[in-house]
Amino acid sequence: MIMSTQDDKKFLQRAVDLASENVRAGKGGPFGAIIVKNGKIIAEACNSVTFDNDPTAHAEVNAIRAATKGLQNFQLDDCTIYSSCEPCPMCLGAIYWARPARLVFAASKGDAAEIGFDDAFIYHEIEVGLENRSIPTLHMPSYEFLEPFRLWKSSGEKIDY
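Positions 59 to 219 (the numbering used here) are the ones given, in order, by the sequence shown.
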């Protein structure tokens with residue numbers, strides 16, 4: 059997949075415009091994302107966390123949900139995700155699970171931190187031991203709790219991802 063710098067700028071501008079429109083409309087944070095396949099936009103979305111009362115409703119996640127539904131595939135083969143901002147840890151995880159060919163973003167996580175969207179604490183929480191996390195976290199390992207994994211391992215119906 060070869061995209062020109064001009065195409066990247068055009069699509070990235072669309073993601074930025076969506077983010078601006080979202081703020082003006084009062085529907086959520088200043089984040090927009092689009093997904094492009096074969097030079098065409100197949101999905102676009104904005105942050106709707108406060109509008110939908112859904113902490114996972116970030117622009118990238120919303121766009122991934124729309125694109126995979128439209129493609130009827132849980133992976134974004136040969137797609138590019140354009141985001142108005144560097145993805146947060148949750149969105150970056152979703153992007154890697156969706157496996158697009160490329161990611162292009164505008165503002166940095168530092169730019170986002172300057173206006174109150176600082177994800178540094180999440181990066182820190184991922185690295186610390188369970189006993190040191192700010193949300194008390196208890197791991198309760200037990201053989202019987204592994205039943206879903208045993209079923210998955212032996213399933214002839216599973217689709218690897």
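Cβ atoms here follow ideal geometry from the backbone N, Cα and C, with glycine treated the same way. Owing to the predicted nature of the structure, the values given are computational and were not obtained by experimental measurement.
From V119, A164, L129, T138, residue whose alpha carbon lies closest to that of C149 = To locate residue 149, count along the sequence shown from 1; it is residue 91. Checking every option, the nearest Cα to that of C149 belongs to V119.
query = Which one or two residues does DSSP pair with A91 in a beta bridge?
reply = Against the sequence shown, residue 91 aligns to sequence position 33. A91 is bridged to A103, S141.
request  = Return helix, strand or coil for R82, following the three-state DSSP convention.
outcome  = In the sequence shown, residue 82 corresponds to position 24, counting from 1. Reduced to three states, the DSSP call for R82 is helix.
Exposed unless 16 or more other CB atoms sit within 10 angstroms - verdict on H116 = Mapped onto the sequence shown, residue 116 falls at position 58. With 16 or more Cβ atoms within 10 Å of its Cβ, H116 is classed as buried.
message = Considering only the alpha carbon of each residue, which of I139, T108, G84 lies closest to I122?
response = The count along the sequence shown starts at 1 and reaches residue 122 at position 64. Between I122 and the set I139, T108, G84, the nearest pair of CA atoms involves I139.
Status (buried if at least 16 other CB within 10 Å, exposed otherwise) for L209 = Residue 209 sits at position 151 when you count from the first residue of the sequence shown. When all chains shown are included, L209 counts as exposed.
key: Close beta carbons around S200, own chain, < 6 Å, minus the five adjacent residues each side   = Residue mapping note: residue 200 aligns to position 142 of the sequence shown, counting from 1. There are no such residues.
key: Terminal residues of the beta strand (DSSP E) in which V162 lies   = Taking the sequence shown and counting its residues from 1, one reaches residue 162 at position 104. Counting along the chain, the beta strand (DSSP E) containing V162 begins and ends at 160 to 165.
ask   = Near V94, which residues of its chain fall below 6 Å by C-beta distance, leaving aside the five closest residues on each side in sequence?
value = For the purposes of this step, residue 94 is taken as residue 36 along the sequence shown, with counting starting at 1. Same-chain partners within the cutoff: F69, T138.
task = Decide yes or no for the touch test of the segment 81 to 99 against the segment 142 to 157: beta carbon pairs closer than 8 Å, at least 3 of them.
result = Yes, they touch.
key: Cβ-based burial, V186 [other Cβ within 10 Å; buried from 16]   = In the sequence shown, counting from the first residue as 1, residue 186 sits at position 128. Looking at its Cβ environment, which holds fewer than 16 other Cβ atoms inside 10 Å, V186 is exposed.
message = Once the 5 residues before and after G84 are set aside, which same chain residues still bring their CB inside 6 Å of it?
response = Taking the sequence shown and counting its residues from 1, one reaches residue 84 at position 26. Cβ neighbours of G84 beyond the five flanking positions: none.
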